[in-house]
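If you count by the UniProt record's numbering, then the sequence shown holds residues 1 to 684, one letter each, in order. Report on the structure given below.
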Amino acid sequence: MTRSLDRLIRPRSIAVFGGKEAGRVIEQCDKMGFTGEIWPVHPTKQEIHGRRCYRSVAELPAAPDASFVGINRNLTIEIIRDLSARGAGGVVCYASGFREAVTELADGDDLQRALVEAAGDMPILGPNCYGFINMLDGALMWPDQHGMVRIDRGVAVLTQSSNIACNISMQQRGLPLAYILTAGNQAQTGLCELACAVLEDPRVTAVGLHIEGFDSIEALERLSRRARELRKPVVTLKVGKSEQAQLATVSHTASLAGNDAVSSALLSRLGIGRVETLPELLETLKLLHLHGPLASFDISSMSCSGGEASLMADAGVKRKVVYRPLREEQRMPLRESLGQMVTISNPLDYHTFVWGNREKQTQAFTAMMRGGYALNLVVLDFPRQDRCDAADWVTTCHAVIDSSRAAGAVAGIVASMGENLPEEIALMLMENGVVPFFGIEEALTAAEAAAAIGEMWGKPLPAPLVKVRAADGEPVTLTEHEAKQALAAFGLPVPDGRVAETAEDAAAAAAELGFPVVLKGLGVAHKTEAGAVKLNLQTREAVLEAASAMAAVASGYLVEKMVARPVAEVIVGAMRDPVAGPVLTVGAGGILVELLEDSAILTLPTDEPAIREAISGLKVAKLLNGYRGGPAADIDALVAAVASVASYVVSNASIVDELDINPIMVLASGDGVVAADALIRLRK
Numbered sequence: 001m002t003r004s005l006d007r008l009i010r011p012r013s014i015a016v017f018g019g020k021e022a023g024r025v026i027e028q029c030d031k032m033g034f035t036g037e038i039w040p041v042h043p044t045k046q047e048i049h050g051r052r053c054y055r056s057v058a059e060l061p062a063a064p065d066a067s068f069v070g071i072n073r074n075l076t077i078e079i080i081r082d083l084s085a086r087g088a089g090g091v092v093c094y095a096s097g098f099r100e101a102v103t104e105l106a107d108g109d110d111l112q113r114a115l116v117e118a119a120g121d122m123p124i125l126g127p128n129c130y131g132f133i134n135m136l137d138g139a140l141m142w143p144d145q146h147g148m149v150r151i152d153r154g155v156a157v158l159t160q161s162s163n164i165a166c167n168i169s170m171q172q173r174g175l176p177l178a179y180i181l182t183a184g185n186q187a188q189t190g191l192c193e194l195a196c197a198v199l200e201d202p203r204v205t206a207v208g209l210h211i212e213g214f215d216s217i218e219a220l221e222r223l224s225r226r227a228r229e230l231r232k233p234v235v236t237l238k239v240g241k242s243e244q245a246q247l248a249t250v251s252h253t254a255s256l257a258g259n260d261a262v263s264s265a266l267l268s269r270l271g272i273g274r275v276e277t278l279p280e281l282l283e284t285l286k287l288l289h290l291h292g293p294l295a296s297f298d299i300s301s302m303s304c305s306g307g308e309a310s311l312m313a314d315a316g317v318k319r320k321v322v323y324r325p326l327r328e329e330q331r332m333p334l335r336e337s338l339g340q341m342v343t344i345s346n347p348l349d350y351h352t353f354v355w356g357n358r359e360k361q362t363q364a365f366t367a368m369m370r371g372g373y374a375l376n377l378v379v380l381d382f383p384r385q386d387r388c389d390a391a392d393w394v395t396t397c398h399a400v401i402d403s404s405r406a407a408g409a410v411a412g413i414v415a416s417m418g419e420n421l422p423e424e425i426a427l428m429l430m431e432n433g434v435v436p437f438f439g440i441e442e443a444l445t446a447a448e449a450a451a452a453i454g455e456m457w458g459k460p461l462p463a464p465l466v467k468v469r470a471a472d473g474e475p476v477t478l479t480e481h482e483a484k485q486a487l488a489a490f491g492l493p494v495p496d497g498r499v500a501e502t503a504e505d506a507a508a509a510a511a512e513l514g515f516p517v518v519l520k521g522l523g524v525a526h527k528t529e530a531g532a533v534k535l536n537l538q539t540r541e542a543v544l545e546a547a548s549a550m551a552a553v554a555s556g557y558l559v560e561k562m563v564a565r566p567v568a569e570v571i572v573g574a575m576r577d578p579v580a581g582p583v584l585t586v587g588a589g590g591i592l593v594e595l596l597e598d599s600a601i602l603t604l605p606t607d608e609p610a611i612r613e614a615i616s617g618l619k620v621a622k623l624l625n626g627y628r629g630g631p632a633a634d635i636d637a638l639v640a641a642v643a644s645v646a647s648y649v650v651s652n653a654s655i656v657d658e659l660d661i662n663p664i665m666v667l668a669s670g671d672g673v674v675a676a677d678a679l680i681r682l683r684k
């Protein structure tokens, strides 16, 4: 266990080791007004930037709170060991050539282990790490340029990538950046631990993470709990969509649950927002900085152009945000302020009748903002500052500010093109509590992410994830009958069935069960493709004929009662994600698995409300609810069936390698469900 990161990221004394990069750290601290002590350490130089150089860690006046070590990788380890022994607060390890370079340098792994051992319980960032910028205290362990200014309050952005950190520091969007921190290799200290540390700073309002890979699921859970306790939201840009998390090939579950889908489910469970691009990350942080999570997905939009109103409406189609219709009490005030020729709706095209009139605009905007929307947006693209007069646009900004205050509402101004919102206007809006959004897509992403966090924070704190070490044995695939019996013990409804060794035995079993029956060949993974399943067999002779036809591929037979025609077919699967552990997949089943690619991921443990919500979000939910006058399905029974599968997986978490139930036949309301096929692979 490492010591607290407080001394490192909020230092009162800094030591720098090395030449050019160490000198740049001193330059940046001086430029940003760092008031603490700075001690250069160099074997030959007498002074650096007017400060006396010390020869070693032992010569330093005291144990430094933070140290920047910008020397070669072998000497870095020696310095780290000396700083740890001296009781230093923490170190930024700038040098590369450790685990990140193991394909080029055979000793990379060994050096990284030696580095961590030398540090002991002293926190280290890196190696291969640029460091961090703390603009609240002017403390910069940063050997390069940046675009930030001193502030009193703002957001923290953390990333593994030094270059992305540099790029973010240059933003001109009005976002107040309190911290930028990089983690490099995360040899000892991961992004989530850093995020927990900056959350504790009362001057930090929200945290953004650019994540290439989760360093520790336990640390991520700690971060989510602490964020909720402190009411400081966290939003992530998680990369890695193109990768698949699993190697299994015997079931459909593997193709449905890639690691990106699991990452989204995991973050959602923990109440951590997720976005897709860096601009979306920054725009979401602006909203969270000013107003925190949103109370709902309901938003309003206003613009003086029908074209802009259409853009806003179309951008919302693929999202969870809702342009809720106007309340009746809003219509009259809007009509009075805008006149008879304006269509009163949401999104609202307020035309140009009130353009340039701050009083009239304020009346209209206030009426809209009193509709109880979680976020109220006004589309406004500024003209070029070097060629045009923007006075009327500034008037509109002040009308939005006036209206948000009068209505006590959350408001934002959206430039449909980011370059059409000057930085000075963005800063002015932020100072007055109005979010300046650079881009329509970015604005709606921010609204959706902030509302999703608010929705999860409104629910009870989720139970800790299932964390059980997987058994080491080789996987063994159960027969379908064995799999069904194992699941039935946990409450999953399965057809009445018998196992038979010969065709004659199968025919006898069918007669005992009563016709019609289904005949399946045992020991076949993909039965339909292999011709090892025959449905709706009505006679003993039909069973004998079918059994004889599949004898070449089957090791035995399973005879089951034929299930009634379902309202819909659903797949339920489970797999082991390398980070999140066992997860459940629910989606459209049968032949629709590949056609619709319609599925949801449930991290475990789960409960019936979460299962019901996941099912309601599927495309196949239209069938389940009674499509075009058709019968509604027994959704309660389906929810209970999925819960029983989840219970089986949790209870056998150490040995379940893969599970696939396809399909679960969902019958009409009141008639229940039946698992028509099941595959389980266990590690013994």
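All residues carry an ideal CB built from backbone N, CA and C; glycine is no exception.
Mind listing, in chain order, the continuous alpha helix (DSSP H) runs of no fewer than 4 residues lying wholly within the region 302–379?
Entirely contained in the region 302–379, the alpha helix (DSSP H) runs reaching 4 residues are, in chain order, 306–317, 328–338 and 358–369.
Using the Cα positions of P493 and D657, report the straight-line distance between them to the nearest angstrom.
For the purposes of this step, residue 493 is taken as the residue at position 493 of the sequence shown. For the purposes of this step, residue 657 is taken as the residue at position 657 of the sequence shown. Looking at the two C-alpha atoms, the distance is approximately 22 angstroms.
Report the three-state DSSP secondary structure of N536 (helix, strand or coil).
Residue mapping note: residue 536 aligns to position 536 of the sequence shown, counting from 1. N536 carries a strand assignment under DSSP once its states are collapsed to helix, strand and coil.
Which residue wins for smallest C-alpha separation from C192, given the options L5, G556, A446 and G590?
Numbered from its first residue, the sequence shown carries residue 192 at position 192. Looking only at L5, G556, A446 and G590, the smallest Cα-Cα distance to C192 is reached by L5.
Going by C-alpha to C-alpha distance, which of G581, R540 and N346 sits closest to L311?
In the sequence shown, the residue the question calls residue 311 occupies position 311. The residue with the shortest Cα to Cα distance from L311 is N346.
Reference K534; option with closest CA among A547, G523 and K459:
Indexing the sequence shown from 1 puts residue 534 at position 534. Closest option to K534, judged by alpha-carbon separation, among A547, G523 and K459: A547.
To the nearest angstrom, how far is the alpha carbon of E431 from that of V149?
As a first step, residue 431 is located in the sequence shown; it is residue number 431 there, counting from the start. As a first step, residue 149 is located in the sequence shown; it is residue number 149 there, counting from the start. It is roughly 15 angstroms from the alpha-carbon of E431 to the alpha-carbon of V149.
With V275 and A206 assumed to form a contact (beta carbons below 8 angstroms), what rounded beta-carbon distance in angstroms separates them?
On the sequence shown, position 275 is the one that residue 275 refers to. On the sequence shown, position 206 is the one that residue 206 refers to. Rounded, the Cβ-Cβ distance is 13 angstroms, inconsistent with contact.
Using DSSP bridges, identify the partner residues of D671.
Position 671 of the sequence shown, counted from the start, is the residue given in the question as residue 671. According to DSSP, which records beta bridges pairwise, D671 is partnered with nothing at all.
Can you tell me the Cα-Cα spacing of D496 and A183, whole angstroms?
The sequence position of residue 496 within the sequence shown is 496, counting from 1. The sequence position of residue 183 within the sequence shown is 183, counting from 1. Here the alpha carbons of A183 and D496 stand approximately 57 angstroms from one another.
Taking DSSP's pairing of strands, which residues face S13 in a bridge?
On the sequence shown, residue 13 is found 13 positions in, with the first residue counted as 1. S13 is bridged by DSSP to E37.
Are R370 and H398 touching if we call contact CB-CB under 8 angstroms?
One-based indexing of the sequence shown puts residue 370 at position 370. One-based indexing of the sequence shown puts residue 398 at position 398. Pairing R370 with H398 gives a Cβ-Cβ distance that is not under 8 angstroms.
Grouping DSSP H, G and I as helix and E and B as strand, with all else coil, what is M562?
As a working mapping, residue 562 is identified with position 562 in the sequence shown. In the structure shown, M562 sits in coil (DSSP, three-state: anything other than H, G, I, E or B).
What does the Cβ neighbour count give for P325, buried or exposed, with the cut at 16 atoms within 10 Å?
On the sequence shown, residue 325 is found 325 positions in, with the first residue counted as 1. By the neighbour-count rule (16 or more Cβ atoms within 10 Å), P325 is not buried but exposed.
Simplified DSSP state of S296, which is helix, strand or coil
In the sequence shown, counting from the first residue as 1, residue 296 sits at position 296. Here S296 sits in coil by DSSP.
Taking 6 angstroms as the limit between beta carbons, can you name the residues of its chain near A471, skipping five residues before and five after?
Position 471 of the sequence shown, counted from the first residue, corresponds to residue 471. Only S654, I655 and R683 meet the Cβ criterion.
So, helix, strand or coil for K520, using DSSP?
As a working mapping, residue 520 is identified with position 520 in the sequence shown. Strand at K520.
Helix, strand or coil, according to DSSP, for Y557 in the structure here?
If you number the sequence shown from 1, residue 557 lands on position 557. If DSSP states are grouped into helix, strand and coil, Y557 belongs with the strands.
State the DSSP-derived secondary structure class of G458, mapped to helix, strand or coil.
What you label residue 458 is simply residue 458 of the sequence shown in a count that begins at 1. In the structure shown, G458 adopts coil according to DSSP, grouped into three states.
Which same chain residues end up closer than 7 angstroms to E608 when comparing Cβ atoms and leaving out the 5 residues on each side of it in sequence?
Stepping through the sequence shown from its first residue, residue 608 is reached at position 608. Taken in chain order, the residues that qualify are V639 and A643.
Nearest by alpha-carbon distance to Q330: which of V321, K320, V322 and T343 is it?
On the sequence shown, position 330 is the one that residue 330 refers to. Measuring from the Cα of Q330, the nearest candidate turns out to be T343.
Determine which residues share a DSSP beta bridge with P582 and list them.
Taking the first residue of the sequence shown as position 1, residue 582 is located at position 582. Residue pairing by DSSP places P582 opposite R576 in a beta bridge.
Rounded C-alpha distance that separates L679 from V570:
In the sequence shown, the residue the question calls residue 679 occupies position 679. In the sequence shown, the residue the question calls residue 570 occupies position 570. For L679 and V570, the gap between their C-alpha atoms comes out near 14 angstroms.
Is it right to say I124 is buried, meaning 16 or more other beta carbons lie within 10 angstroms of its own, or is it exposed?
In the sequence shown, the residue the question calls residue 124 occupies position 124. When all chains shown are included, I124 counts as buried.
Of the residues A509, L140, A507 and S56, the one placed nearest H42, counting alpha carbons only:
Against the sequence shown, residue 42 aligns to sequence position 42. Looking at the Cα atoms, S56 is the closest of the given residues.
Residues near G18 by beta carbon distance below 6 angstroms, same chain, minus five either side:
Here residue 18 is taken as the residue at index 18 of the sequence shown, counted from 1. Excluding the 5 residues flanking it on each side, G18 has same chain C-beta neighbours closer than 6 angstroms at G70 and I71, in chain order.
Among all the DSSP beta bridges, which residues are the ones paired with T182?
What you label residue 182 is simply residue 182 of the sequence shown in a count that begins at 1. Within the DSSP bridge table, the entry for T182 names T159 as partners.
P605 - containing beta strand (DSSP E), residue span
Position 605 of the sequence shown, counting from 1, holds the residue named residue 605. Taken as a continuous stretch (DSSP letters only), P605 belongs to no beta strand (DSSP E), as it is neither H nor E.
Spatial neighbours of S337 in its chain, beta-carbon cut-off 6 angstroms, leaving aside the 5 residues before and after:
By 1-based counting over the sequence shown, the position of residue 337 is 337. Around S337: K360, Q363 and A364.
Is D657 helix, strand or coil by DSSP?
As a first step, residue 657 is located in the sequence shown; it is residue number 657 there, counting from the start. Three-state result, D657: strand.
Have a look at D65 and N652 and give me their C-alpha separation to the nearest angstrom.
Here residue 65 corresponds to residue number 65 of the sequence shown, with the count starting at 1. Here residue 652 corresponds to residue number 652 of the sequence shown, with the count starting at 1. Rounded to the nearest angstrom, the two C-alpha atoms are 47 angstroms apart.
Since G23 is in the alpha helix (DSSP H), which residue starts that stretch and which ends it?
Taking the first residue of the sequence shown as 1, we reach residue 23 at position 23. K20 to K31 is the extent of the alpha helix (DSSP H) around G23.
So, using beta-carbon positions, are K238 and I211 closer together than 8 angstroms?
For the purposes of this step, residue 238 is identified with residue 238 of the sequence shown, where counting begins at 1. For the purposes of this step, residue 211 is identified with residue 211 of the sequence shown, where counting begins at 1. Their beta carbons are under 8 angstroms apart, which means K238 touches I211 by this criterion.
What is the residue span of the beta strand (DSSP E) that K238 lies within?
As a working mapping, residue 238 is identified with position 238 in the sequence shown. That run of the beta strand (DSSP E) goes V234 to K238.
Just to confirm, are I164 and F132 a CB contact at a threshold of 8 angstroms?
Within the sequence shown, residue 164 is the residue found at index 164, counting from 1. Within the sequence shown, residue 132 is the residue found at index 132, counting from 1. If you check the CB distance, I164 and F132 do not come in under 8 angstroms.
Are there 16 or more other CB atoms within 10 angstroms of the CB of H526, so buried, or fewer, so exposed?
Taking the first residue of the sequence shown as 1, we reach residue 526 at position 526. Answer is exposed; the Cβ neighbour count stays below 16.
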